[in-house]
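**Q** Let me begin by handing over the structure; questions about it come next.
There are 2 protein chains.
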Amino acid sequence: MAIPNAFYAQSGGVTATINASAAGVLETARRHKDRIRRVYAGRNGIIGALTEDLIDTSRESAAALAGLTRTPGGAFGSCRYKLKTPEQNPLQYARLIDVFRAHDIQYFFYNGGNDSADTCLKVSQLSAKMGYPLTCVHVPKTVDNDLVGTDNCPGFGSVAKYVATSMREAAYDVESMAKTSTKVFVMEVMGRHAGWITAAVGLAADEANDLPLLLLFPERPFDEAPFLAAVAGKIASHGYCCVGVSEGLLNAEGKFISELGLRDAFGHAQLGGAGETIAKLIREKLGHKYHQALPDYLQRAARHLASNTDLMQSYAVGKAAVEYALKGLNGVMPAIIRTADRPYRWKIEPVPLERIANHEKMLPKNFITADGFGITARARAYLQPLTMGEAPLRFRNGLPEFVRLKNRAVPKKLQPFTI
Amino acid sequence: MAIPNAFYAQSGGVTATINASAAGVLETARRHKDRIRRVYAGRNGIIGALTEDLIDTSRESAAALAGLTRTPGGAFGSCRYKLKTPEQNPLQYARLIDVFRAHDIQYFFYNGGNDSADTCLKVSQLSAKMGYPLTCVHVPKTVDNDLVGTDNCPGFGSVAKYVATSMREAAYDVESMAKTSTKVFVMEVMGRHAGWITAAVGLAADEANDLPLLLLFPERPFDEAPFLAAVAGKIASHGYCCVGVSEGLLNAEGKFISELGLRDAFGHAQLGGAGETIAKLIREKLGHKYHQALPDYLQRAARHLASNTDLMQSYAVGKAAVEYALKGLNGVMPAIIRTADRPYRWKIEPVPLERIANHEKMLPKNFITADGFGITARARAYLQPLTMGEAPLRFRNGLPEFVRLKNRAVPKKLQPFTI
Chain A
2 MAIPNAFYAQ
12 SGGVTATINA
22 SAAGVLETAR
32 RHKDRIRRVY
42 AGRNGIIGAL
52 TEDLIDTSRE
62 SAAALAGLTR
72 TPGGAFGSCR
82 YKLKTPEQNP
92 LQYARLIDVF
102 RAHDIQYFFY
112 NGGNDSADTC
122 LKVSQLSAKM
132 GYPLTCVHVP
142 KTVDNDLVGT
152 DNCPGFGSVA
162 KYVATSMREA
172 AYDVESMAKT
182 STKVFVMEVM
192 GRHAGWITAA
202 VGLAADEAND
212 LPLLLLFPER
222 PFDEAPFLAA
232 VAGKIASHGY
242 CCVGVSEGLL
252 NAEGKFISEL
262 GLRDAFGHAQ
272 LGGAGETIAK
282 LIREKLGHKY
292 HQALPDYLQR
302 AARHLASNTD
312 LMQSYAVGKA
322 AVEYALKGLN
332 GVMPAIIRTA
342 DRPYRWKIEP
352 VPLERIANHE
362 KMLPKNFITA
372 DGFGITARAR
382 AYLQPLTMGE
392 APLRFRNGLP
402 EFVRLKNRAV
412 PKKLQPFTI
Chain B
2 MAIPNAFYAQ
12 SGGVTATINA
22 SAAGVLETAR
32 RHKDRIRRVY
42 AGRNGIIGAL
52 TEDLIDTSRE
62 SAAALAGLTR
72 TPGGAFGSCR
82 YKLKTPEQNP
92 LQYARLIDVF
102 RAHDIQYFFY
112 NGGNDSADTC
122 LKVSQLSAKM
132 GYPLTCVHVP
142 KTVDNDLVGT
152 DNCPGFGSVA
162 KYVATSMREA
172 AYDVESMAKT
182 STKVFVMEVM
192 GRHAGWITAA
202 VGLAADEAND
212 LPLLLLFPER
222 PFDEAPFLAA
232 VAGKIASHGY
242 CCVGVSEGLL
252 NAEGKFISEL
262 GLRDAFGHAQ
272 LGGAGETIAK
282 LIREKLGHKY
292 HQALPDYLQR
302 AARHLASNTD
312 LMQSYAVGKA
322 AVEYALKGLN
332 GVMPAIIRTA
342 DRPYRWKIEP
352 VPLERIANHE
362 KMLPKNFITA
372 DGFGITARAR
382 AYLQPLTMGE
392 APLRFRNGLP
402 EFVRLKNRAV
412 PKKLQPFTI
């Protein structure tokens, strides 16, 4: 009997460490060549499977695979493309199975967040229903940290380390300027629905770093008066104030602050992000000079400041995914289980996808301080270990050196398919 | 005869490495206790001298001084405060001399950019005129890299490394998303008058990193049609496009793009920075989804990604300043002289402040490619060495550990002075 192949794809927004998960999958599969002949990667995620645009990862050197752990972005391309339900679009699922059958693919590794966990589950169910032998394992990844069933999500720890470091560094800068210039610094961070990244900004301040820091969580509707009073209080006590704002900050009516259409002095709508809106509000109401930063993709691409804990976990879930599949576990996800806070200990365990798909893990209420502007000791105990350890890069000519794969296409065997 | 004291102050926008210059001044002075009794730092720059708010740096431990090389911001506080000319406000200068005389300060070390070089020169001339023995040395610093007389400015190399690394990392991210999502990434960088930092973004692309990168320099008036054609060309060839935009980008009439008041679909003025304006223009005219980043202070505070070359030079100019003063050199600045490009070699030499004050070093025309959107080989040869070497930090609990000085005040001897 011929040794079957495996399929791997990256899905949704990429992270600083998603390629480490790819390395975990690919290197582990290579150690089991008696069970997995080759791993084919989807070019641009699941679209590569639908269009039979497969990448033959066996053409990549061992050094290139190792280099994946040092390279941000998605090395095979990702996509924002959600499969319809099998009822809505049965042809899509039939096509996937056709492609898998044509290329003798019997393992399906899908590296993504909530939506892709759901897709992975559906593919698993459909293939069983259609009598095609396919073992499906979801590999978790999302900077949003909102997957249930796992203590944390690969990709998040590195963003947490980046936003906390950036806020701490900027605070030292602003403190020096505050006497005669900038008194308010606002940084907007990702996380439209859950405040995990916003909470991580809170790590910038600690016993050794008494920073006047306020956080605006998407979980807490923005209330202007107490917020401005808190800003004024920080400026009174410290001479300046730093604010970490979630891009998903809402007002009392549940509308995004960034879409509020505040009007400027000329009656024009003030568009722009939540951070900019908050910064302008402070200037308008309190009269302070501000600076505002919007790290945007920099925060999730910053491999140079990745958390080594995150990097190891990202690799570990990729490795475990292959091991689970080889054990015959189907429709599962390797989850990160925390076994101790201090010193931090973790392990990987399989969790059924039914428990994960279509759920969202929100920031616990007891992670936010009573005033709504800070994080509790409980939040720190959870967040801090995820940022631990550095994972330095190789630099060449002053800049980080990343790998670029060959990404050679597997010859097509089927007719084109329009997605 | 009593051993005199020295005065040190930080001026203007701070950098990731200005505290390394402080360490160079303070540690070198401590090695010459027979000539300099104590170094008093101005709290919040020259304002500390005018208000007699002096910090006794002799109270800081050797470990704390060493820690300055690892700490961003200005450890004694900086200020944006330009002294008037001696003709406009002779009282200010008289007050400075009064304070210096009261505290037996005979050395003046002023750590800043163009304005402070001018101030340093004026203080030097005035003290001579008033018969007060004061040796004045300017310590260069500016992320803008626009001081003449020196090959480059301390602080710039680290920003260069940060913006180039950030753009490279983000490009790897965008490339993975471009098939179905973000096709354009825009990052706005500092440098309102000269395009040095914009040029440094260009280092992100090189032989090993074929990135579709366009730069918009403050030296080149923005011309919409060729720019949009270039964006479309990059998207055609690479599937995506990255743009580095100077905050000081001007239109053909010499107005800041960020103040152009472009109107959105509702006829409302689109305020916001140059980067945001360019990003929205691309979406409006070419229809592509964009992401935009505004690193703002993060770029100049990012000690975690400092260039070791920059760090060594920042320390070296502080050290040289004290050595020059002890040799009796007055009204000079330690300049960085490049003696070779490859391998890069540099040395420090004194330059008279008359040659520096009130001049601005612009980006040479031959650093920008003919199409106006890239950097030449000549620019690379200049920029690349400045980014070389890493200067890793100590991390504690996942985040960089910075020093905080005691900053104990020197008892006042004079009447208050209103600035």
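These protein sequence lines are chains A and B, in that order.
Quick note on this note's numbering: the first sequence kicks off at 2 and runs consecutively.
Quick note on this note's numbering: the second sequence kicks off at 2 and runs consecutively.
Where is the CB? At the ideal position from N, CA and C, for every residue including glycine.
Interface residues of chain A around Ile56 of chain B at Cβ under 7 Å?
**A** Position 55 of the second sequence holds residue 56 of chain B. Those do not exist, as Ile56 of chain B stays about 13 Å from chain A at its closest Cβ, beyond 7 Å.
**Q** Flag Ser159 of chain A as yes if its beta-carbon sits less than 8 Å from any beta-carbon of chain B, otherwise no.
**A** In the first sequence, counting from the first residue as 1, residue 159 of chain A sits at position 158. Not an interface residue.
**Q** Only counting the same chain, and skipping five residues up and downstream in sequence, which positions put a Cβ closer than 7 Å to that of Gly268 of chain A?
**A** Start at 1 with the first residue of the first sequence, and residue 268 of chain A comes out as number 267. Any reading at Gly268 of chain A must be qualified, since the residue scores a pLDDT of 49, below 50, and its modelled position is unreliable; the value itself is stated next. No residues qualify anywhere along the chain.
**Q** For a contact meaning CB atoms closer than 8 Å, what does Ile48 of chain B contact in chain A?
**A** On the second sequence, position 47 is the one that residue 48 of chain B refers to. Per Cβ cutoff of 8 Å: Lys180, Thr181.
**Q** Could you give the DSSP three-state label for Met334 of chain A: helix, strand or coil?
**A** As a working note, residue 334 of chain A is residue 333 in the first sequence. Strand, per DSSP.
**Q** Find the residues of chain B that neighbour Val175 of chain A, judging by a C-beta separation of less than 9 Å, and give them in chain order.
**A** Counted from its first residue, the first sequence places residue 175 of chain A at position 174. In chain order: Gly74, Tyr298, Ala302.
**Q** Can you name the start and end residues of the alpha helix (DSSP H) that Glu350 of chain B belongs to?
**A** On the second sequence, position 349 is the one that residue 350 of chain B refers to. It is not in any alpha helix (DSSP H) - Glu350 of chain B instead sits in the beta strand (DSSP E) that spans 345-353.
**Q** What does Gln93 of chain B reach in chain A if we use C-beta pairs closer than 9 Å?
**A** Counted from its first residue, the second sequence places residue 93 of chain B at position 92. Near Gln93 of chain B there are no residues of chain A at all, since even the closest Cβ is about 15 Å away, more than 9 Å.
**Q** If you count every other CB in all the chains shown that lies within 10 Å of the CB of Met168 of chain B, and 16 or more means buried, which is it?
**A** The residue labelled residue 168 of chain B in the question sits at position 167 within the second sequence. So Met168 of chain B ends up on the buried side.
**Q** How do the region 5-13 of chain B and the region 386-405 of chain A stand: do at least 3 beta-carbon pairs fall below 8 Å, yes or no?
**A** no
**Q** Considering only their Cβ atoms, is the gap separating Glu189 of chain B from Leu55 of chain B smaller than 8 Å?
**A** As a working note, residue 55 of chain B is residue 54 in the second sequence. As a working note, residue 189 of chain B is residue 188 in the second sequence. Not closer than 8 Å, so no.
**Q** When you compare the CB positions of Ala42 of chain B and Phe77 of chain B, do they come within less than 8 Å of one another, or not?
**A** If you number the second sequence from 1, residue 42 of chain B lands on position 41. If you number the second sequence from 1, residue 77 of chain B lands on position 76. Yes; because the gap between Cβ atoms is below 8 Å, this pair is in contact.
**Q** Please return the same chain residues whose Cβ sits closer than 6 Å to the Cβ of Cys242 of chain B, not counting the five positions on each side in sequence.
**A** Numbered from its first residue, the second sequence carries residue 242 of chain B at position 241. Cβ within range, chain order: Val185, Pro213, Val232, Lys235, Ile236.
**Q** Which residues in chain A sit within 8 Å of Val15 of chain B, going by Cβ to Cβ distance?
**A** Position 14 of the second sequence, counted from the start, is the residue given in the question as residue 15 of chain B. The answer, in chain order, is Asp174, Ser177, Met178.
**Q** If the cut is a Cβ gap below 7 Å, which residues of chain B does Gly78 of chain A touch?
**A** Looking up residue 78 of chain A in the first sequence gives position 77. The answer, in chain order, is Ser177, Lys180.
**Q** Identify every residue that forms a DSSP beta bridge with Thr136 of chain B.
**A** On the second sequence, residue 136 of chain B is found 135 positions in, with the first residue counted as 1. DSSP lists B:Tyr108 as partners of Thr136 of chain B.
**Q** Can you list, in chain order, the residues of its chain with a C-beta nearer than 8 Å to that of Leu330 of chain B? Leave out the 5 residues immediately preceding and following it.
**A** Start at 1 with the first residue of the second sequence, and residue 330 of chain B comes out as number 329. Thr136, Val138, Pro351, listed in sequence order.
**Q** Considering Ile48 of chain A, what are the terminal residues of the alpha helix (DSSP H) in which it resides?
**A** The count along the first sequence starts at 1 and reaches residue 48 of chain A at position 47. For Ile48 of chain A, the enclosing alpha helix (DSSP H) has its first and last residue at 47-51.
**Q** With 8 Å as the threshold, decide whether the Cβ of Lys413 of chain B is near any Cβ in chain A.
**A** Numbered from 1 along the second sequence, position 412 holds the residue referred to as residue 413 of chain B. False, the Cβ-Cβ gap to chain A never drops below 8 Å.
**Q** Is the beta carbon of Val187 of chain A sitting closer than 8 Å to the one on Val244 of chain A?
**A** In the first sequence, counting from the first residue as 1, residue 187 of chain A sits at position 186. In the first sequence, counting from the first residue as 1, residue 244 of chain A sits at position 243. Contact: yes.
**Q** Does the beta-carbon distance from Leu251 of chain A to Pro222 of chain A come in below 8 Å?
**A** As a first step, residue 251 of chain A is located in the first sequence; it is residue number 250 there, counting from the start. As a first step, residue 222 of chain A is located in the first sequence; it is residue number 221 there, counting from the start. Yes, they are a contact pair.
**Q** With 16 as the cutoff for other CB atoms within 10 Å, does Asn90 of chain B come out buried or exposed?
**A** As a working note, residue 90 of chain B is residue 89 in the second sequence. With fewer than 16 other Cβ atoms within 10 Å, it is exposed.
**Q** Kindly list the residues whose CB is nearer than 7 Å to the CB of Thr18 of chain B, restricted to its own chain and excluding five residues on each side of it in sequence; keep chain order.
**A** For the purposes of this step, residue 18 of chain B is taken as the residue at position 17 of the second sequence. These residues qualify, in order along the chain: Pro155, Gly156, Ser159, Ala307, Asp311, Leu312, Ser315.
**Q** Sorted by chain position, which residues of the same chain lie with C-beta nearer than 8 Å to Gly255 of chain A's C-beta, five sequence neighbours on each side aside?
**A** As a working note, residue 255 of chain A is residue 254 in the first sequence. Same-chain partners within the cutoff: Pro222.
**Q** Helix, strand or coil: which one does DSSP assign to Ile56 of chain A?
**A** In the first sequence, the residue the question calls residue 56 of chain A occupies position 55. Three-state DSSP puts Ile56 of chain A in a strand.
**Q** DSSP puts Ser308 of chain A in a beta bridge; with which residues?
**A** To locate residue 308 of chain A, count along the first sequence from 1; it is residue 307. Per DSSP, A:Glu391.
**Q** In terms of residue numbering, what span does the beta strand (DSSP E) encompassing Gly43 of chain B cover?
**A** Sequence index remark: in the second sequence, residue 43 of chain B carries index 42 (1-based). Here the beta strand (DSSP E) through Gly43 of chain B covers 40-43.
**Q** Among residues of its own chain, excluding the 5 on either side of Arg339 of chain B, which ones have a beta-carbon nearer than 6 Å to its beta-carbon?
**A** The residue you call residue 339 of chain B lines up with position 338 of the second sequence. Around Arg339 of chain B: Asp152, Trp347.
**Q** Compare the beta carbon distance of Ala302 of chain A and Tyr173 of chain B with 8 Å and say whether it is the shorter of the two.
**A** Along the first sequence, read from residue 1 onward, the residue named residue 302 of chain A stands at position 301. Along the second sequence, read from residue 1 onward, the residue named residue 173 of chain B stands at position 172. Yes; because the gap between Cβ atoms is below 8 Å, this pair is in contact.
**Q** One question on the structure: do Leu69 of chain B and Ala23 of chain B come within less than 8 Å of each other, judged by their Cβ atoms?
**A** By 1-based counting over the second sequence, the position of residue 69 of chain B is 68. By 1-based counting over the second sequence, the position of residue 23 of chain B is 22. Yes, these two residues count as a Cβ contact at 8 Å.
**Q** Measuring straight from C-alpha to C-alpha, what distance separates Arg65 of chain B and Arg405 of chain B?
**A** Residue 65 of chain B sits at position 64 when you count from the first residue of the second sequence. Residue 405 of chain B sits at position 404 when you count from the first residue of the second sequence. Note that residue 65 of chain B is Ala in the sequence shown here, rather than Arg. Pairing Ala65 of chain B with Arg405 of chain B, the inter-Cα distance amounts to about 8 Å.
**Q** List the residues of chain B that Asn408 of chain A touches, going by C-beta distances under 7 Å, in chain order.
**A** If you number the first sequence from 1, residue 408 of chain A lands on position 407. Using a Cβ-Cβ cut-off of 7 Å, Asn408 of chain A is close to nothing in chain B; its nearest Cβ partner there is about 11 Å away.
**Q** Residues of the region 196-220 of chain B with a CB closer than 8 Å to any CB of chain A: list them in chain order, please.
**A** Hits within the stretch, in order: Leu204, Ala205, Asp207, Ala209, Asn210.
**Q** Quick check on DSSP: helix, strand or coil for Gln416 of chain B?
**A** Walking along the second sequence from the start, residue 416 of chain B turns up at place 415. Looking at Gln416 of chain B - three-state DSSP - the assignment turns out to be coil, as it is neither helix nor strand.
**Q** Please report how far the alpha carbon of Arg39 of chain B lies from the alpha carbon of Pro5 of chain B, in whole angstroms.
**A** Locating residue 39 of chain B in the second sequence gives position 38, counting from the first residue. Locating residue 5 of chain B in the second sequence gives position 4, counting from the first residue. If I take the Cα positions, the gap works out to 8 Å.
**Q** Which residue wins for smallest C-alpha separation from Leu204 of chain A, given the options A:Pro365, A:Ala195, A:Leu216, A:Pro335?
**A** Within the first sequence, residue 204 of chain A is the residue found at index 203, counting from 1. Closest option to Leu204 of chain A, judged by alpha-carbon separation, among A:Pro365, A:Ala195, A:Leu216, A:Pro335: A:Leu216.
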